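Sequence order for the protein chains is A and B. Remember, our numbering sits 125 above the position in the first sequence when you count from 1. Remember, our numbering sits 7 above the position in the second sequence when you count from 1. Beta carbons: idealized from backbone N, C-alpha and C, even for Gly. Bear in mind that the values here come from a model prediction, so they are computed numbers and not experimental data. Beneath this line is the structure, given in structure tokens, with notes to follow.
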Amino acid sequence: MAYGLPLKADGDEKCLSILHAVEETVSRQLKACKAPLSKRRVIEDIEPLQTNLNLEEGFCRAVLCRLRFRKHFYHVLTCMRRPQGKGLELAKKHILSCLSELDSMLKSEELLRQNCACGTLENGVEDKTTASGCQPIGFDSMLNSRSAAPTPPRAIKLLSWKKAVNYFQKLLHDLEIICSYSLDPVYENALRFVVDFQKFQPDLVARAYIQLLLVQNGKLYGRETMFAVICKAALLPEGAKNHDIQKNETVAQLGQLLITLLRILCTNTAWQRRKLGKILQDWRIIYVQLELAFRKEFGDITSTSIEQNVCLKICKHILVWVEEQTYWIALRFLLLGFELELYSTSEYCMVYWYIYVILIKLAEKTHLKIMLGSDSSRRKSRKKRDFVKDVGKDYQIPPAVLLLQCYIYVAEGLMMMLASLRNENKSFLCVGPFNSEHERFIQHFELLQKACLPDLASYFSFRETTAHARFSTLSMYNCFKDAQRVAKELRGNFSNNPEKLAELRQIEQVAEHNSVALNLLSRLGALEPSLKISFEFTHHQHFAVAVVKRS
Amino acid sequence: MEEGKAEFDPSEIEYVSYGGEHHLPLIMNLVDQELSEPYSIFTYRYFVYLWPNLSFLAFHKGKCVGTVVCKMGDHRHTFRGYIAMLVVLSPYRGRGIATELVTRSIKVMMDSGCEEVTLEAEVTNKGALALYGRLGFIRAKRLFRYYLNGVDAFRLKLLFPRPETNYPESRIATRDEPPGLDDGMPPEENIVP
């Protein structure tokens with residue numbers, strides 16, 4: 126539809142002015158052919174678009190909606206490129222106009238097809254690259270295949286007209302989501318937005334625009350410095366973002382790592398997973414470097430109480446946050462494996478084991494971060510002697526940590542159920558003539574192991590954890606029940622957050638279905654060899670549900 | 008295009024190593040006929056001239072019904088085997104011919120000191136993915152829109168056991184004992200000949 130139409134980023138006035146001029150001409154033609162015969166007059170400078178005057182109105186409309194689509198699409202792209210998201214509202218309006226023009230194009234298809242100059246169309250009209258089904262004038266869509274060498278790679282097949290329209294509809298839908306984003310300055314919410322956006326499987330153009338929006342001139346949305354983002358994410362007080370510690374070279378490198386992470390999260394999930402795996406070591410290294418740098422500048426952090434020095438508080442918060450982020454990246458790496466269908470069922474046990482150990486560390490670091498943040502704000506508002514009493518009396522595990530706990534229960538339950546199936550039913554074994562489960566473990570988790578995430582996690586510890594799993598063990602059953610219980614309790618905490626409520630509902634469904642399956646397997650599994658067990662992702666894209674059927 | 012399934016006993020299939028130029032047209036005809044992206048003769052010669060011991064053909068009553076073409080070499084400090092083409096005529100599929108062809112190539116790679124074997128397969132090619140999965144390949148990566156028709160590919164990898172990482176209870180061939188009762192034999196001795 127827009128074959129090679131060059132659009133320059135910063136004001137391609139020639140493009141717009143040409144579109145305006147042609148639109149003006151065709152609009153006048155449309156007006157003229159709509160006028161009643163008695164009032165119609167010949168306008169010398171307007172030529173009909175085609176020879177059948179009865180169809181002229183339809184053809185004018187068809188051309189106009191195409192011209193207007195291009196104009197609005199151009200405006201969408203240029204508005205979205207404005208710095209700091211300033212053009213997003215206007216871009217949304219142009220998106221709506223684009224979608225309206227696309228609808229008009231679809232409506233024009235019947236007229237154009239019935240009255241095409243190329244005669245009766247044969248079967249295969251669905252593959253045609255124009256609405257009328259005729260070859261585009263002055264353009265040969267197969268030219269590149271004729272000029273290419275007669276060896277692979279072959280020519281790429283162009284999208285049919287219908288598919289091209291659908292492509293733009295999808296693209297505009299994705300761009301609209303970006304334009305509706307509130308530019309939330311909270312880092313976790315920005316992460317969440319980008320991760321959730323990937324569920325729409327956005328195209329390269331949409332992903333490029335979200336990357337452009339997130340990071341501009343080394344700042345989040347072009348507004349917040351990375352150090353300010355980190356301070357806020359690490360639950361430091363507002364004033365911390367102005368501290369001179371940001372001039373430290375290692376702290377600046379941390380900012381760069383964060384920019385890289387945000388950019389990686391905007392890439393296609395296949396590439397994203399590979400890159401996330403590779404940066405794990407960078408995040409581990411930066412933690413060690415930060416610790417050394419802080420120690421060099423401010424002395425031994427661990428032996429000095431936090432209250433004595435604001436700098437030491439910042440260091441401690443940042444270090445905990447870096448660890449939390451590292452485990453978040455590791456978790457994302459593992460979960461993406463399910464989305465990309467990289468794991469076979471015989472590997473689910475080890476994958477859920479690894480997810481389980483990573484989630485435990487993530488929950489630990491998140492909890493520590495929140496406690497440090499609460500500690501800071503409590504000490505501000507209370508006298509020192511009341512602090513200890515308050516911590517003991519009022520303390521509740523934060524909802525964010527409890528949510529992670531739900532996932533820990535589900536991962537543990539799945540791991541143990543799969544291990545029991547392997548140990549008792551000999552199902553889903555990882556065997557082959559050339560290697561064993563150990564080699565598969567090494568390959569799948571090589572990058573995590575290289576980064577020591579977590580420390581001491583190994584194939585040995587995986588086998589030790591799962592070697593004695595049996596259906597009869599009650600703790601397995603309690604895992605799914607515990608997940609349901611905690612998820613239910615959390616509903617109150619997220620009553621104003623429909624997305625979180627939906628997430629809790631998914632957890633409950635996964636836990637419930639697996640509980641039922643586990644109960645069935647515990648009672649019948651060993652007695653009924655005809656039972657067929659499969660794992661399906663019907664309620665959650667990362668946490669499977671066991672389906673038990675009679676074969 | 009042949010229709011229906013061929014009737015044969017697996018013992019009737021004869022497997023031979025690439026023996027020379029006379030085998031080249033057989034391989035080319037099979038691959039050109041069955042695979043979506045036919046190659047030039049230079050591509051075939053690259054593989055079979057440099058690594059003739061890694062290419063195998065399957066014959067049924069004198070007719071070539073399957074072939075595998077591979078190579079091996081250093082790749083980023085890893086000595087690695089690569090499966091370039093694997094084809095079996097449609098009427099002969101589902102009877103283990105592809106498995107046997109690939110297994111023979113992998114054994115030669117293993118004996119030649121390869122540390123791993125790799126290949127790419129379309130994410131929609133369920134048959135190939137099942138075949139390689141049974142042989143111990145994992146899906147190491149997904150390659151976005153790898154093929155020109157827009158389909159993604161999996162990079163499949165098989166890692167051979169390394170002596171220094173031998174976990175005592177690693178098991179290679181199928182066994183009936185539950186984990187924890189392994190006799191501690193090193194992985195190499197468990198490989199089915």
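Judged by DSSP in its simplified three-state form, A:A594 adopts coil rather than helix or strand.
In this structure A:S257 is buried. Its beta-carbon is surrounded by 16 or more other beta-carbon atoms within 10 angstroms. In terms of Cα proximity to B:T131, the closest of B:Y51, B:Y46, B:L57 and B:Y153 is B:Y153. Contact check between the segment 200-220 of chain A and the segment 332-344 of chain A: three or more CB pairs, one atom from each, fall below 8 Å, which counts as touching. For A:I389, the enclosing alpha helix (DSSP H) has its first and last residue at E374 to I389. Between A:L487 and A:E449, the beta carbon gap of about 7 Å places them in contact (Cβ cut-off 8 Å). Residues of the same chain with a CB within less than 6 Å of the CB of B:A13, apart from the 5 flanking positions on each side, are P98 and Y99 in chain order.
Spanning the alpha carbons of A:D309 and A:F318 requires a straight line of approximately 9 Å.
The Cβ atoms of A:V535 and A:I658 lie no closer than 8 Å to each other. For A:R595, not one C-beta of chain B is nearer than 8 Å to its own C-beta. DSSP places A:L141 in the helix class (H, G or I) of the three-state scheme.
For B:M117, the chain A residues whose C-beta falls within less than 8 Å of its own C-beta are F559, listed in chain order. By a beta-carbon distance limit of 8 Å, A:F596 contacts A:E549. Their separation comes to about 6 Å.
For the C-beta of A:N393, the chain B residues within less than 9 Å are, from N- to C-terminus, F151 and R152. Relative to A:V354, the option among A:L383, A:A333, A:R332 and A:M540 whose CA is nearest is A:L383.
Here the C-alpha atom of A:E564 lies approximately 34 Å from the C-alpha atom of A:F325. With its beta carbon less than 8 Å from one in chain A, B:A147 belongs to the interface. When 9 Å is used as the limit between beta carbons, B:D39 is near no residue of chain A, the shortest such separation being about 12 Å. When only Cα atoms are considered, A:E628 and A:S655 end up about 35 Å apart. Only buried fits B:Y89, as 16 or more other CB atoms lie within 10 angstroms of its CB. Between the C-alpha atoms of A:H219 and A:L237 there is a straight-line separation of about 26 Å. Checking the DSSP bridge columns, you'll see B:L166 partnered with B:E123. Taking one beta carbon from each stretch, the segment 23-33 of chain B and the segment 52-64 of chain B have 3 or more pairs nearer than 8 Å; the two touch. Per DSSP, the unbroken beta strand (DSSP E) holding B:D81 starts and ends at K70 to H82.
For A:H667, the three-state secondary structure derived from DSSP is coil. The alpha-carbon of B:E127 is positioned some 20 Å away from that of B:H84. Contact between the segment 658-676 of chain A and the segment 633-641 of chain A is present, with at least three C-beta pairs closer than 8 Å.
Taken atom to atom, the span from the alpha-carbon of A:K625 to that of A:K156 is near 53 Å. Close partners of B:K164 in chain A (Cβ separation under 8 Å): Q568. The alpha helix (DSSP H) runs of length 4 or more contained entirely in the segment 300-372 of chain A are, from start to end of the chain, 312-322, 329-339 and 351-358.
Take the alpha-carbon of A:Q378 and the one of A:C440: they are about 15 Å apart. Annotated as distal: A:F559 and B:F86, with beta-carbon spacing of 8 Å or more. With fewer than 16 other CB atoms across the displayed protein chains lying within 10 angstroms of its CB, B:G157 is exposed. Nearest in C-alpha terms to A:R398, of all of A:F463, A:H298, A:V556 and A:I480, is A:F463.
For B:K148, the three-state secondary structure derived from DSSP is strand. Counting only residues of its own chain and dropping the five nearest sequence neighbours on each side, A:F352 has a CB closer than 7 Å to the CB of K366, Q371, V376 and G380.
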